[in-house]
Amino acid sequence: MDDSRETQSVNAFVTGYPVKHSRSPLIHGYWLKQLGLAGSYRAHEVAVEAFEAFIASLKDGTSGFVGGNVTIPHKEAAFKLADRPDELSEELGASNTLWLEGGELHATNTDSRGFTANLDERHPGWDRSDRAVILGAGGASRAVIQAVRDRGFKEIHVVNRTVERAQELADRFGDRIHAHPMAALHEVMQGAGLFINTTSLGMDGEASPRIDFSSLADGAVVTDIVYVPLKTPLLAQAQEQGFAIVDGLGMLLHQAVPGFEKWFGKRPAVDETLRALIIADMEKH
Ligand code: ATR
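So in the numbering used here, spot 92 of the sequence shown is number 106, and the numbers just go up one at a time.
Set out below in structure tokens:
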């Protein structure tokens with residue numbers, strides 16, 4: 015940390031289009047206050063056609079920001095425009111966290127770390143089995159595949175309505191990833207110790223198919239990256255069927271940690287007060 019940070023206010027952003035629904039300002043605002051830091055973190059909406067100019071202003075210092083978070087639809091552009099994307103974002107082709115360092119714009123993607131940290135916190139031992147099933151092959155599935163693979167699962171089965179998309183991810187993320195159509199779901203679930211929903215099924219009260227989890231291994235964990243509602247229909251079903259569940263809110267909270275530490279120089283903690291703050295906000299909207 016350079017000396018100027020001690021005396022000057024450090025400003026960070028979350029950008030997207032639209033960005034007003036982002037809960038990141040609440041998360042970072044909570045940590046800034048808790049740690050007594052003088053910085054700011056705010057939503058900064060940038061349209062697609064203005065994004066490149068915004069990144070140029072970040073690089074030349076005229077934006078007034080030291081870095082920030084990037085959300086939909088700018089994650090791919092952020093990755094491409096950064097001077098130094100790291101390996102994690104390179105593999106995903108998308109970055110969600112940017113920071114200036116040594117005059118260059120660095121980029122990473124913290125989603126896989128957020129996924130892993132959430133499970134480490136809420137269900138230690140989640141990584142004990144060899145076999146995982148991931149439902150969905152969209153944008154959100156990629157970071158989950160990365161996380162599960164990097165934690166050491168030996169067989170990772172990606173099941174998707176459009177099997178071609180699952181196959182693309184299997185080709186991209188390596189030998190341990192296998193692609194399947196929906197019809198194979200029950201079969202590939204046999205003996206798996208981890209099941210993850212990355213699809214939008216059940217989001218915002220939408221209908222969700224009935225899933226029979228009974229072929230999962232004893233002690234298996236079921237998690238969902240959707241966190242509105244907190245207990246998605248899939249999680250409710252898994253719990254009724256006797257399996258441990260972990261909701262997706264912690265992924266959102268934990269993915270914010272590395273960025274905060276880069277910009278403001280202190281590593282924040284995900285605690286129950288922060289979780290309650292975000293849940294209260296979800297209930298308002
Ligand atoms: P995201 O970036 O949030 O993952 P996405 O790229 O649109 O969003 O992917 C959504 C995922 O949910 C996909 O895996 C999608 O399946 P397809 O690839 O076949 O479209 C899945 N999905 C959405 N609605 C679904 C439904 N009704 N039944 C099964 N899968 C569904």
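Note that CB positions come from ideal geometry on N, CA and C, so glycine has one too.
Around the beta carbon of His-120, 16 or more other beta carbons sit within 10 angstroms, so the residue counts as buried. For Gly-264, the secondary structure class from DSSP, reduced to helix, strand or coil, is helix. CA-to-CA, the gap between Gly-219 and Val-242 works out to about 8 Å. Taking the Cα of Ala-294 as reference, the smallest distance to any Cα among Ala-26, Leu-40, Leu-51, Pro-32 is reached at Leu-40.
Taking the CA atoms as reference points, Gly-273 sits about 17 Å from Ile-69.
Put simply, of Pro-195, Leu-102, Glu-169, Asp-74 the residue whose alpha carbon is nearest the alpha carbon of Gly-116 is Asp-74. Of the heavy atoms belonging to ligand 1, none sits nearer than 6 Å to the Cβ of Ala-290. In this structure, ligand 1 has no non-hydrogen atom nearer than 6 Å to the beta-carbon of Ala-221. Val-284 is not a Cβ neighbour of His-137, given a cutoff of 7 Å. Each residue's CA atom was taken as its position, placing Leu-267 and Gly-81 some 18 Å apart. Distance check between Ala-161 and each of Glu-59, Gln-204, Thr-124 places Thr-124 closest, using alpha-carbon atoms only. Counting only residues of its own chain and dropping the five nearest sequence neighbours on each side, Ile-239 has a CB closer than 8 Å to the CB of Phe-129, Ala-154, Val-158, Ile-210, Asn-211, Thr-212, Gly-262, Met-265. Under DSSP, His-171 takes part in a beta bridge, and its partners are Val-147, His-192.
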